[in-house]
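Trainee:
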Ligand code: SF4
Ligand code: SF4
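Residue numbers (the numbering used here): 508 to 622.
(1) Determine the extent of the alpha helix (DSSP H) in which residue 573 is found, giving its start and end residues.
(2) So what does DSSP say about residue 582, is it helix, strand or coil?
(3) Is it right to say residue 602 is buried, meaning 16 or more other beta carbons lie within 10 angstroms of its own, or is it exposed?
(4) Less than 9 angstroms separating the beta-carbons of residue 555 and residue 584?
(5) Measure the CB-CB distance between residue 551 and residue 542 and report whether it falls below 9 angstroms.
(6) Which term fits residue 534, buried or exposed, when burial requires 16 or more other beta carbons within 10 angstroms of its beta carbon?
(7) Note the first and the last residue of the continuous beta strand (DSSP E) segment covering residue 587.
(8) Can you check the segment 513-560 for any alpha helix (DSSP H) of at least 4 residues that lies completely inside it and give the ranges in chain order?
(9) Within 10 angstroms of its Cβ, does residue 610 collect 16 or more other Cβ (buried), or is it exposed?
(10) Does any heavy atom of ligand 2 sit closer than 8 angstroms to the C-beta of residue 606?
(11) Could you check if residue 531 is buried or exposed, using at least 16 other CB atoms within 10 Å of its CB as the buried criterion?
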């Protein structure tokens with residue numbers, strides 16, 4: 508992104524930066540909150556989920572190494588795969604992807620041509 512010129516900085520106050528940081532934090536929380544914790548993107552619907560996928564007391568699924576999840580992982584049947592950000596697979600299709608909240612939102616935002 509463009510760095511502000513010295514003259515521009517007069518117009519940017521600490522409150523603006525705090526507000527922007529807050530906005531980013533809220534946006535990230537909102538994005539995370541969209542996930543239904545269905546486990547589909549972690550192989551649950553293929554009946555060979557990642558070994559790091561656990562079911563919580565609320566019946567939903569969670570990654571027990573969420574903060575360090577990316578990289579080489581293994582399924583319960585011993586198959587290796589790469590855990591990647593969901594945005595990298597969102598345009599594709601996988602078992603249970605029809606119910607992914609992010610995929611639904613992406614489909615909803617898609618603009619279809621008027622006939
Ligand atoms: S490591 Fe990746 S694939 Fe495995 S449970 Fe966590 S998020 Fe899902
Ligand atoms: S498939 Fe989508 S909604 Fe389900 S756990 Fe994965 S990211 Fe969340």
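Even glycine gets a Cβ: it sits at the ideal position worked out from N, Cα and C. These numbers were taken from a predicted model, which means no experiment stands behind them.
Mentor: By the coordinates alone:
(1) Segment: none, residue 573 is in no alpha helix (DSSP H) and carries neither H nor E.
(2) strand
(3) exposed
(4) yes
(5) no
(6) exposed
(7) 587-590
(8) 521-541
(9) buried
(10) yes
(11) exposed
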